[in-house]
Amino acid sequence: MCSRKKHHDKEWISIETLDKIKEMKNEKTVINNSRTRTEEIEAQAEYIEANEQTKKSIKAKKQKCVGDLTTTAVKAAREGNMKRIYDPTKKLAQGKKQDSQIKHRENQPNRT
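Here the sequence shown is numbered in the working numbering, starting from 130 and rising by one per residue.
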């Protein structure tokens with residue numbers, strides 16, 4: 130029997146951020162389970178605050194991680210070490226597609 134795939138978090142997401150995500154989900158369940166309109170409005174205000182903090186945390190951690198990867202790639206490029214350049218650039222370019230060909234007005238590919 131095949132086992133389920135393990136979920137791998139992004140390397141820039143810390144344990145603190147995962148805790149904030151859980152807190153945000155708990156706030157969302159409070160909104161869904163609220164019985165009166167006033168309870169729902171109060172829960173929505175708390176959820177909005179938790180959501181903003183979570184997004185700020187994730188964005189800051191990702192920027193820090195990308196900055197670290199670029200500095201290691203630049204240092205490796207200065208040293209001329211191709212093996213050390215490959216890993217950070219692969220992580221930075223992961224999931225990116227190459228640009229498509231530029232076409233002229235007649236939809237013919239540009240040949241330069």
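Backbone N, C-alpha and C define an ideal beta-carbon position, used for all residues, glycine too.
- DSSP, read as helix, strand or coil, puts Gly196 in helix.
- Between the alpha carbons of Glu169 and Met153 lies a gap of roughly 15 Å.
- Secondary structure at Ile142: coil, using DSSP grouped into helix, strand and coil.
- In the three-state DSSP reduction, Arg164 falls in the coil class, being neither helix nor strand.
- Here the alpha carbons of Glu181 and Ala172 stand approximately 14 Å from one another.
- The beta carbon of Ser163 sits closer than 6 Å to the beta carbons of Glu169 and Ala172 from its chain, once the five residues preceding and following it are set aside; these are given in chain order.
- Per DSSP, reduced to three states, the secondary structure at Asn180 is helical.
- Judged by their CB atoms, Ala206 and Ile214 are nearer to each other than the 7 Å cut-off.
- Nearest Cα to Lys220 within the set Glu175, Val159, Leu198 and Tyr176: Leu198.
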